[in-house]
Amino acid sequence: PKATCSHYATTNAVICTCKSGYTNTGSAVNVVCTDSCTFNNGGCGANATCSYNATTNTVKCTCAGDYFYMGSASQDIRTGTISVS
(Lines of atoms letter the chains of each structure in order from A and count residues from 1; the text may use other names and numbers.)
(Lines give C-alpha, C1' and ligand atoms only; values in the text may rest on other atoms or scores of the structure.)
Protein backbone atom coordinates (compact mmCIF):
# COMPACT_ATOMS: atom_id res chain seq x y z
CA PRO A 1 0.00 0.00 0.00
CA LYS A 2 1.07 3.56 -0.73
CA ALA A 3 -0.67 5.03 2.35
CA THR A 4 -1.14 4.37 6.02
CA CYS A 5 -4.72 4.82 7.20
CA SER A 6 -6.11 5.05 10.72
CA HIS A 7 -9.74 4.68 11.81
CA TYR A 8 -10.95 6.71 14.77
CA ALA A 9 -13.89 4.93 16.41
CA THR A 10 -15.08 7.96 18.40
CA THR A 11 -15.55 10.12 15.29
CA ASN A 12 -15.79 7.29 12.72
CA ALA A 13 -13.20 9.21 10.69
CA VAL A 14 -10.54 7.59 8.53
CA ILE A 15 -7.32 9.55 8.08
CA CYS A 16 -4.83 8.45 5.42
CA THR A 17 -1.25 9.65 5.03
CA CYS A 18 0.99 8.87 2.07
CA LYS A 19 4.10 6.87 2.87
CA SER A 20 7.58 8.28 2.34
CA GLY A 21 8.37 8.56 -1.37
CA TYR A 22 4.76 9.38 -2.26
CA THR A 23 2.95 12.72 -2.47
CA ASN A 24 -0.77 13.31 -1.92
CA THR A 25 -1.98 14.72 -5.24
CA GLY A 26 -5.62 14.41 -4.17
CA SER A 27 -7.20 16.14 -1.19
CA ALA A 28 -7.54 15.60 2.56
CA VAL A 29 -10.80 13.74 1.92
CA ASN A 30 -9.71 11.84 -1.21
CA VAL A 31 -6.05 10.92 -0.70
CA VAL A 32 -4.25 9.92 -3.92
CA CYS A 33 -0.66 8.84 -3.29
CA THR A 34 1.53 9.40 -6.36
CA ASP A 35 5.20 8.47 -6.82
CA SER A 36 6.92 11.67 -5.68
CA CYS A 37 9.26 11.69 -8.71
CA THR A 38 6.27 12.29 -11.00
CA PHE A 39 5.19 15.31 -8.91
CA ASN A 40 7.49 18.35 -8.97
CA ASN A 41 10.49 16.10 -9.78
CA GLY A 42 10.27 14.67 -6.24
CA GLY A 43 11.56 17.93 -4.79
CA CYS A 44 14.84 17.54 -6.68
CA GLY A 45 16.38 20.57 -8.32
CA ALA A 46 16.00 21.32 -12.01
CA ASN A 47 19.51 19.97 -12.65
CA ALA A 48 18.90 16.66 -10.88
CA THR A 49 17.19 13.37 -11.69
CA CYS A 50 14.71 11.90 -9.24
CA SER A 51 14.60 8.15 -8.65
CA TYR A 52 12.20 6.28 -6.38
CA ASN A 53 13.16 3.14 -4.44
CA ALA A 54 10.01 1.06 -3.87
CA THR A 55 11.78 -1.21 -1.36
CA THR A 56 12.73 1.61 1.02
CA ASN A 57 9.98 4.07 -0.05
CA THR A 58 12.55 6.82 -0.52
CA VAL A 59 13.37 9.39 -3.18
CA LYS A 60 16.96 9.99 -4.31
CA CYS A 61 18.13 13.07 -6.21
CA THR A 62 21.16 12.62 -8.47
CA CYS A 63 22.81 15.76 -9.78
CA ALA A 64 23.41 15.91 -13.52
CA GLY A 65 26.71 16.53 -15.28
CA ASP A 66 28.67 19.40 -13.75
CA TYR A 67 26.33 19.95 -10.81
CA PHE A 68 26.76 18.88 -7.19
CA TYR A 69 24.70 18.85 -3.99
CA MET A 70 24.91 21.93 -1.73
CA GLY A 71 22.73 21.26 1.34
CA SER A 72 19.35 21.10 -0.38
CA ALA A 73 18.03 19.08 -3.30
CA SER A 74 16.93 22.36 -4.93
CA GLN A 75 20.40 23.96 -4.77
CA ASP A 76 22.37 22.28 -7.50
CA ILE A 77 25.49 24.36 -8.14
CA ARG A 78 27.41 24.35 -11.44
CA THR A 79 31.17 24.05 -11.09
CA GLY A 80 33.77 25.24 -13.53
CA THR A 81 37.08 27.00 -14.02
CA ILE A 82 37.41 30.67 -13.16
CA SER A 83 40.28 32.74 -14.56
CA VAL A 84 41.93 34.94 -11.95
CA SER A 85 44.38 37.63 -13.03
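Those letters in the sequence shown? Residues 190 to 274, by the numbering used here. All C-beta atoms, glycine included, are put in the ideal place defined by N, C-alpha and C. As the structure is a prediction and not an experimental result, all values here were calculated from the model.
Subject >> Cβ-Cβ distance between N246 and G210 below 8 Å >> reply: As a first step, residue 246 is located in the sequence shown; it is residue number 57 there, counting from the start. As a first step, residue 210 is located in the sequence shown; it is residue number 21 there, counting from the start. Their beta carbons are under 8 Å apart, which means N246 touches G210 by this criterion.
Subject >> Candidates C250, T193, T227 and S195, of which the one nearest T238 by Cα >> reply: Here residue 238 refers to the residue found at position 49 of the sequence shown. Among C250, T193, T227 and S195, the Cα nearest to that of T238 belongs to C250.
Original post:
So, are the CB atoms of V220 and G231 less than 8 Å apart?
Top reply: Numbered from its first residue, the sequence shown carries residue 220 at position 31. Numbered from its first residue, the sequence shown carries residue 231 at position 42. Contact flag unset, no.
**OP:** Quick one: using the 10 Å Cβ neighbour count with 16 as the cut-off for buried, is S195 buried or exposed?
**Re:** One-based indexing of the sequence shown puts residue 195 at position 6. Classification of S195: exposed, given that the 10 Å Cβ count is below 16.
Original post:
Looking only at C-alpha atoms, which of F257, S225, F228 and C205 sits nearest to A217?
Top reply: One-based indexing of the sequence shown puts residue 217 at position 28. The shortest C-alpha separation from A217 is found at C205.
**OP:** Could you check if G254 is buried or exposed, using at least 16 other CB atoms within 10 Å of its CB as the buried criterion?
**Re:** For the purposes of this step, residue 254 is taken as residue 65 along the sequence shown, with counting starting at 1. It counts as exposed.
**OP:** Kindly indicate which residue of C207, N236 and Y258 has the alpha-carbon position closest to the one of S225.
**Re:** For this step, residue 225 is matched to residue 36 along the sequence shown. When each option's Cα is compared against that of S225, the closest is C207.
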